[in-house]
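Number of protein chains: 2
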Amino acid sequence: MTPQTPRTTPHTDALTLEVVELVGTVVARYHEEYEEAAAKHSLTGAQARVLALLSREPMPMRRIAQKLKCEPSNVTGIVDRLEGRGLVERRPDPDDRRVKLAAATEDGRETAGRLRASLNFAREPLAGLSAEERTTLRDLLRRMLGETP
Amino acid sequence: MTPQTPRTTPHTDALTLEVVELVGTVVARYHEEYEEAAAKHSLTGAQARVLALLSREPMPMRRIAQKLKCEPSNVTGIVDRLEGRGLVERRPDPDDRRVKLAAATEDGRETAGRLRASLNFAREPLAGLSAEERTTLRDLLRRMLGETP
DNA sequence: TATTGTTATACTCTATAACTATA
DNA sequence: TATAGTTATAGAGTATAACAATA
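So the protein sequences, as listed, match chains A and B.
All residue numbers for the first sequence refer to the UniProt record's numbering, where the first residue is 1 and numbers rise by one.
All residue numbers for the second sequence refer to the UniProt record's numbering, where the first residue is 1 and numbers rise by one.
So, in structure tokens, the structure goes:
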């Protein structure tokens with residue numbers, strides 16, 4: 001079917017371009033809703049990401065920077081602001097006195113939980129798909145991401 | 001099938017959570033590669049988005065702000081910087097002297113073209129899917145986005 | 001009076017470089 | 001010496017409010 005599709009440039013045919021555009025739309029909408037959900041809790045996007053990270057487990061400052069793919073110096077300010085609001089605290093690392101472990105406080109974990117709940121609601125479009133369709137989508141996304149289990 | 005899935009919370013079952021996480025990964029990777037491609041042309045993400053917009057058609061400043069979902073005052077600075085590099089120019093609107101039309105220059109259109117080419121390369125993971133799989137992915141993404149044609 | 005674009009201001013995020021305290 | 005975190009600095013994006021020109 002559709003034999004006129006050139007095999008030498010498989011990523012520039014009309015179908016692929018349409019999928020690329022759809023992915024772009026998903027990305028845009030995802031980001032809008034993430035920022036919106038963060039703003040409802042008076043958090044910036046970066047602060048929300050760090051808080052979500054720390055709500056799972058405490059982490060050295062350096063590791064946060066790696067997760068965020070930014071310079072370590074930036075993390076200082078972000079954690080400063082979260083700490084100023086009582087959502088995060090800095091603890092010493094017993095094994096290495098150079099390291100500071102950033103950890104979510106009880107209040108921070110609560111906020112992170114509410115944030116995640118509102119995000120899940122934002123992602124609800126998936127509810128429109130049947131279980132079988134979600135399975136198909138999962139497999140296609142996995143393959144797209146290079147996970148070939 | 002899978003009747004144990006609670007119908008009251010269809011967006012919190014394990015399958016959906018996995019898809020949500022995969023979508024999150026796609027979003028993260030898409031953004032990384034977009035910023036990276038922009039940086040290769042010495043552009044920030046916002047500048048690249050505006051340039052891509054204007055390479056298609058000239059546009060009032062106000063409309064750029066709507067497309068970017070930001071305040072109009074921000075667009076002034078972004079267009080200033082693009083204009084300072086000769087990629088964009090401001091033209092008067094013949095129909096309304098309050099309006100300034102931002103338009104990509106020849107140089108700007110060229111840069112936007114190279115940017116898009118490098119983006120298509122970045123999105124090449126789609127090439128790993130067959131035409132049929134891409135069609136399926138397209139339809140699922142469409143439905144996820146609420147487009148029901 | 002309402003709208004368009006701009007300016008002024010303040011805050012956040014970002015990268016770079018230099019500093020400190022540990023290792 | 002090498003590493004972890006911080007500080008200092010500068011540039012960019014963001015929202016808000018006030019302004020000039022035009023409708």
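Every residue, glycine too, gets a C-beta built ideally from N, C-alpha and C.
If you're wondering where the values come from, they're calculated on a predicted model, not measured in any experiment.
Pairwise C-alpha distance: residue j and residue i
i              : j       : result
C70(A)         : T136(A) : 34 Å
T111(A)        : T105(A) : 10 Å
G128(A)        : D93(B)  : 44 Å
D96(B)         : G86(B)  : 25 Å
A117(A)        : S73(A)  : 30 Å
D139(A)        : G24(B)  : 15 Å
R90(B)         : K67(A)  : 40 Å
K40(B)         : R142(A) : 28 Å
R63(B)         : V88(B)  : 15 Å
S130(B)        : R29(A)  : 26 Å
A65(B)         : G84(A)  : 32 Å
E35(A)         : L15(A)  : 30 Å
residue 212(A) : G146(A) : Within the shown structure, residues of chain A are numbered from 1 to 149, placing residue 212(A) beyond reach of any answer.
Assumed close pair residue i, residue j - CB separation to whole angstroms, cut-off 8 Å
i       : j       : result
M144(B) : L126(A) : 6 Å
L51(B)  : L82(B)  : 6 Å
Closest by C-alpha distance to residue i, when choosing among the options
i       : options                             : result
D13(B)  : N120(A), L141(A) and L140(A)        : N120(A)
G113(B) : R49(B), R138(B), E32(B) and R29(B)  : R49(B)
E32(B)  : V27(A), S130(A), L141(A) and R63(A) : V27(A)
Exposure label - residue i; buried when at least 16 CB within 10 Å
i       : result
A38(A)  : buried
G108(A) : buried
S55(B)  : buried
Between the stretch 72 to 85 of chain A and the stretch 34 to 52 of chain A, do three or more beta carbon pairs fall short of 8 Å? These segments touch.
Answer yes if the stretch 125 to 144 of chain A comes into contact with the stretch 16 to 23 of chain B, meaning at least three C-beta pairs across the two stretches below 8 Å, and no otherwise. The stretch 16 to 23 of chain B vs the stretch 125 to 144 of chain A: in contact.
Please confirm if the stretch 56 to 72 of chain B is in contact with the stretch 97 to 111 of chain B, defined as three or more CB-CB distances below 8 Å between the two stretches. Yes, they touch.
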